[in-house]
Amino acid sequence: MILLFVGPKGSGKDTQTQLLESSGFANISTGSLFRQEMQDNTELGMKSKQYYDAGKLVPDELVLEILKKHISKAEADDIVLNGVVRTLEQIKPTEEMLASIEKKIDKVIYFNLSDEEAVKRLANRWTCPVCNTVYHTLFDPPKVAGVCDKDGAALLQRADDKPDAVKMRLSEDRTKTGPVVDHYREIGILHEIDGSKSIEEVASELHELIKVFKEQQ
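Per the UniProt record's numbering, the very first residue in the sequence shown carries number 1; after that it's consecutive.
Shown next as structure tokens:
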């Protein structure tokens, strides 16, 4: 079974992907695949690095090549695709790529989260410039406000973690992913989860959904 995770940043889809990985699912996340390919100095990794270094988006054609490579060699029968389909235009090429290796997206999980909650989660992150430890002033604060627990360095807030930047990024994401969500809802394979719930609550709901999905196969 292949699940596609869709949702705004801060909605918990990355965390749930990692939890499912510990349950035997293969984790196919574009960001981690790019890093792995570049770290291994593969041909695909070097091509990706050229775009990264230039501050450009990796072309969809190259993304699909990397995805096809890793999905094809995944040892698990159950796979989570995270961050794979972000725009309406990416749906057909992704489906064609999967069909070429006799696979398809079985279900789409949409982690719904209000902009207000997403901003609260994302705009309270502070990072240590020395060890890169990330703190959250609400959910995982340092022992001393503004100071890293590990090395005592003053914490900094990245430009893209500031409230205005977060709001702009969320708005852009919704414009792109809204039609994706609508498409999968229309064809009847979308299931929505309330991303504002706790990690444990979301994980429990997700496991129940997966159980139902497998019974329907």
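Even for Gly, the Cβ is constructed at its ideal location relative to N, Cα and C.
Give me the Cα-Cα distance between R86 and G12, rounded to the nearest whole angstrom.
Roughly 16 Å between the two C-alpha positions.
Straight-line CA distance for S72 to E96?
Each residue's Cα considered, the two are about 14 Å apart.
Leaving out five residues on either side along the sequence, give the residues of the same chain with a beta carbon under 7 Å from the beta carbon of V181.
So the qualifying residues of the chain are V6, Y110, L190.
Measure the beta-carbon distance from D78 to M168 and round it to whole angstroms, keeping in mind my assumption that it falls under 8 Å.
Incorrect: roughly 36 Å between the Cβ atoms, too far for contact.
Which residue comes first and which comes last in the beta strand (DSSP E) that contains D160?
Unbroken run through D160: none, as it is neither H nor E.
I'd like to check one pair, D161 with A123: are the Cβ atoms closer than 8 Å?
It is a contact, given that the beta carbons lie within the stated cut-off.
Suppose you measure from the CA of D173 to the CA of P8; what does that come to, to the nearest Å?
C-alpha separation (whole angstroms): 7 Å.
With which residues is T127 paired in a DSSP beta bridge?
Its beta-bridge partners are V134, L156.
Decide if S171 is buried, meaning its Cβ has at least 16 other Cβ atoms within 10 Å, or exposed.
S171 comes out exposed.
Start and end of the alpha helix (DSSP H) containing S29?
Not the alpha helix (DSSP H): S29 falls in the beta strand (DSSP E), residues 26-29.
When you compare only the Cα positions, how much space is there between V144 and T137?
Going from the Cα of V144 to the Cα of T137 covers about 11 Å.
Roughly how many angstroms lie between the CA atoms of T84 and L64, to the nearest whole one?
Per the sequence presented here, residue 84 reads as Val, with Thr not at that position. One C-alpha to the other measures close to 9 Å.
If you check the beta carbons only, do D106 and F25 fall under 8 Å apart?
Not in contact: D106 and F25 (Cβ atoms no closer than 8 Å).
If we call anything under 8 Å between Cβ atoms a contact, is L81 one with G10?
The answer is no: Cβ separation not under 8 Å.
Tell me residue 219's beta-bridge partners as DSSP assigns them.
In the structure as shown, the chain starts at 1 and stops at 217, and residue 219 therefore has no counterpart that could be examined.
Would you tell me roughly how many angstroms separate the C-alpha atoms of Y184 and V108, rounded to the nearest one?
Between Y184 and V108, the C-alpha separation is close to 7 Å.
Tell me the rounded alpha-carbon separation between N27 and Q50.
Between N27 and Q50, the C-alpha separation is close to 25 Å.
With a CB to CB cut of under 7 Å and the five nearest residues on each side skipped, what residues in its chain are close to Q90?
Contacts found: D60.
For the candidate residues A165, K56, L62, E116, whose alpha-carbon lies nearest to that of E43?
Among A165, K56, L62, E116, the Cα nearest to that of E43 is on L62.
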